[in-house]
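Visitor:
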Amino acid sequence: MQFTQEVSSSSKAVVEGVRRGELTAEQASVALRREHRELYAQVDEYLKLVAGVAAGVLQVGTGLAVCKLSLGVGCVAGGIPLILHGVNNVYENGRNVISRRNDTVGPIRRGYQKFAELSGGRASHGNVAYGSADIALSGFGLSRMVLKEGAWRLFRYIQADKVRAYKEMGKGAIMFEVGVDMLTGEQVLIELGKR
């Protein structure tokens, strides 16, 4: 509601400026295009944050599934890191959505930053490591073995009952996963530029 009122008020101010002769039609057109670009950038940023929350929820779910299906064996190597990164991504992106900002640093990312600083690097090195680990965990989640749909067992599941996770995913889910990985990769490249 407030957003709609702000957009309406901004547009009315431009129209009113033209009516009073304070702005030419060309100046008004430029002002409205600038406002459109700014709104588009805000929507784009918001969608990235919402995608980050959704991706975090999926990471937590995948991590829990890894722990459950591996009877705890895969929990240390894949499950727990997925859960920790997922919770951190939900925290960072969720807090950014709620507080209308984009600079929240969660406890897991802060741990990567502190480790990088203790190792003689900078916080941006920790961000690169965090993003790279996030992408690697995504690759793990896509390539892990899962039960085929319709698999059944007599005593235990056999290797033929399992396929790579991405083969059981729909096209939309794969596109979402790859899209989020691309956004993470973009952030890694930005952090690499800070060196």
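Okay, so the sequence shown: first residue is 3 according to the working numbering, each after it adds one.
Cβ coordinates follow ideal geometry from the N, Cα and C atoms, glycine included.
1) On the DSSP bridge list, what partners appear for Met-1?
2) What is the rounded straight-line gap between the Cα of Ser-13 and the Cα of Gln-44?
3) Between the alpha carbons of Arg-39 and Asn-104, how many angstroms are there, rounded?
4) Would you identify the three-state DSSP class for Ile-160, choosing helix, strand or coil?
5) Consult DSSP for Thr-6 and reduce its assignment to one of helix, strand or coil.
6) Using DSSP with H/G/I as helix, E/B as strand and the rest coil, what is Lys-196?
7) Go through the stretch 27-85 residue by residue and report every complete run of the alpha helix (DSSP H) that reaches 4 residues or more, in order.
8) Hey, how far is the Cα of Ala-106 from the Cα of Val-16?
9) Kindly list the residues whose CB is nearer than 7 Å to the CB of Lys-50, restricted to its own chain and excluding five residues on each side of it in sequence; keep chain order.
10) Could you spell out where the alpha helix (DSSP H) holding Glu-119 opens and where it closes?
11) Considering only C-alpha positions, which residue in the set Ala-30, Glu-8 and Gln-7 is nearest to Glu-18?
12) What does the Cβ neighbour count give for Pro-109, buried or exposed, with the cut at 16 atoms within 10 Å?
13) Is there contact between the stretch 134-153 and the stretch 163-181, where contact requires at least three CB pairs shorter than 8 Å?
14) Taking Cβ to Cβ, would you say Gly-54 is nearer than 9 Å to Gly-65?
15) Using only CA atoms, which one of Ala-33, Gly-23, Leu-41 and Arg-21 lies nearest to Thr-6?
16) Output the distance between the C-alpha atoms of Ala-118 and Ala-135, rounded to the nearest integer angstrom.
17) Nearest-angstrom Cα distance between Pro-83 and Glu-8?
18) Rounded to a whole number of angstroms, what is the C-alpha to C-alpha distance between Leu-156 and Ser-72?
Guide: Put simply:
1) The chain is shown from 3 up to 197; residue 1 falls before or after that span and cannot be answered.
2) 17 Å
3) 18 Å
4) coil
5) helix
6) coil
7) 27-71
8) Per the sequence presented here, residue 106 reads as Thr, with Ala not at that position. In a straight line, the C-alpha of Thr-106 is about 35 Å away from that of Val-16.
9) Leu-185
10) 109-120
11) Ala-30
12) exposed
13) yes
14) no
15) Leu-41
16) 14 Å
17) 42 Å
18) 18 Å
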